[in-house]
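Enquirer: Mapping of the sequence shown onto this note's numbering: residues 84 to 328, in sequence order. No residue lacks a Cβ here, since even glycine has one placed at the ideal position from N, Cα and C. So that we are looking at the same thing, I have put the structure below in structure tokens.
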Amino acid sequence: MSDLPPDLLARLRAARQVTALTGAGVSAESGVPTFRDAQTGLWAQYQPEDLATTSAFRRDPELVWNWYAWRRDLVRRAEPNPGHRALAQLEKALPGFTLITQNVDGLHQRAGSRTVIELHGSLERVKCFDCGAPAPAWPEAGPVPPRCGRCGGRLRPDVVWFGEALPPAALSAAWAAAQHCQVFLCIGTSGLVEPAASLPGEARRHGAALVEINPQPTPLSALADFVLRAPAGAALPKLTAFLAE
Ligand code: BV8
Ligand code: ZN
């Protein structure tokens with residue numbers, strides 16, 4: 084029998100719909116630095132919040148493009164970890180499961196999760212900063228950032244920068260998934276970035292049991308009905324093992 088709280092297991096077993104919200108912590112065990120981690124190497128002198136903005140891109144498009152190119156390359160060399168894979172298994176094992184992620188690394192999809200609500204976009208997608216046209220491919224050589232094939236504008240990563248609105252469809256799907264679940268899992272997020280950070284409270288207001296999976300306390304800890312003070316790669320496989328019994 085797992086060392087998980089029995090009433091959490093009972094709630095999971097009885098749940099018709101489970102919703103999970105993941106943050107950068109879920110990818111930490113894949114070697115992808117979180118936003119709270121100190122940046123390394125060339126990027127050590129920058130704060131992510133200062134680079135992930137339209138004003139940073141306007142000020143220095145080459146710097147911002149190169150930061151995302153470095154992250155894209157790092158993520159491509161990373162592998163999904165047991166936490167990502169356990170979430171893909173939960174999607175198969177549970178009668179109803181919705182995965183919402185703040186991450187832009189695509190590791191949930193590479194681990195086999197079929198339905199992923201990407202609140203903040205994806206490193207793998209690129210679009211034109213000026214006309215918004217998607218850019219499925221771009222030349223590795225040539226100007227940095229690469230230029231849009233349609234209007235000649237500068238390309239940018241298709242992620243949501245601070246001060247930008249989240250994709251409306253993704254955000255409304257996430258609100259609905261928070262409002263209609265019996266268990267809401269908060270995994271690997273510091274719970275600081277809005278509007279994602281309001282989803283757990285919304286779920287609780289609609290009667291869901293709130294579970295935090297994080298080695299560290301966060302502003303969400305006080306709200307949680309259950310706290311698994313552990314890395315996602317250790318805690319999530321225990322949930323899937325229990326459900327497979
Ligand atoms: C919006 C994509 C309105 C880009 C991201 C003042 C000025 C401007 C805006 C604001 C402001 N004050 C507040 C705001 C709103 C702002 C905001 O919330 N700011 C914060 C900093 C206060 N939000 C926005 O700007 C949003 N947009 O509000 O628009 C609007 C409306 C209509 C029209 C126009 C505008 C946009 C927010 C999205 C920003 N983009 N990412 C990119 O990736 O480069 S956010 C980015 O940071 C991530 O996606 C993520 O969401 C966030 C980091 O959070 P976490 O994922 O939680 O990661 P973090 O590192 O913080 O924590 C990791 C956790 O994991 C830790 O707790 C750690 O303990 C844990 N952990 C570590 N190891 C493990 C682990 N857990 C489990 N297992 C482990 N092994
Ligand atoms: Zn364009």
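Measuring alpha carbon to alpha carbon, tell me which of Ala292, Val227 and Cys269 ends up nearest Asp143.
Expert: Val227
Enquirer: Quick one: is the Cβ of Arg96 within less than 8 Å of any heavy atom of ligand 2?
Expert: no
Enquirer: Distance, Cα to Cα, Val187 vs Pro302?
Expert: C-alpha separation (whole angstroms): 22 Å.
Enquirer: Tell me, please, whether the region 109-116 touches the region 184-201 by the rule of three or more beta-carbon pairs shorter than 8 Å.
Expert: yes
Enquirer: At what residues does the beta strand (DSSP E) containing Pro81 begin and finish?
Expert: The requested residue 81 is not part of the displayed model; the chain covers only 84 to 328.
Enquirer: For the beta strand (DSSP E) containing Val101, name the first residue and the last one.
Expert: Val101 to Thr105
Enquirer: If you scan the region 93-169 from start to end, which runs of the beta strand (DSSP E) of 3 or more residues do you find wholly inside it?
Expert: 101-105
Enquirer: What's the call for Leu173, buried or exposed, on a 16-neighbour Cβ count within 10 Å?
Expert: buried
Enquirer: Does the beta carbon of Arg119 fall short of 8 Å from some heavy atom of ligand 1?
Expert: yes
Enquirer: Confirm, please, whether the CB-CB distance from Leu182 to Thr105 is below 9 Å.
Expert: yes
Enquirer: Should Arg233 be listed as close to ligand 2, given that the test is whether its C-beta is under 8 Å from any heavy atom?
Expert: At least one heavy atom of ligand 2 lies less than 8 Å from the C-beta of Arg233.
Enquirer: In this structure, does DSSP put Ser255 in helix, strand or coil?
Expert: helix
Enquirer: If we count Cβ pairs, one from each stretch, closer than 8 Å, do we get three or more for the region 150-166 versus the region 190-210?
Expert: yes
Enquirer: Pairing CB atoms from the region 259-273 with CB atoms from the region 282-302, are three or more of them under 8 Å?
Expert: yes
Enquirer: Taking the C-alpha atoms as reference points, what is the distance between Ala313 and Ala307?
Expert: Roughly 15 Å between the two C-alpha positions.
Enquirer: By the three-class DSSP mapping on this structure, what secondary structure does Arg197 have?
Expert: DSSP places Arg197 in coil when its eight states are reduced to three.
Enquirer: May I have the straight-line CA-CA distance separating Arg96 from Glu295, to the nearest angstrom?
Expert: 18 Å
Enquirer: Looking only at its own chain, which residues have a Cβ that is under 7 Å from the Cβ of Pro79, when we skip the five neighbours before and after it?
Expert: Within the shown structure, residues of the chain are numbered from 84 to 328, placing residue 79 beyond reach of any answer.
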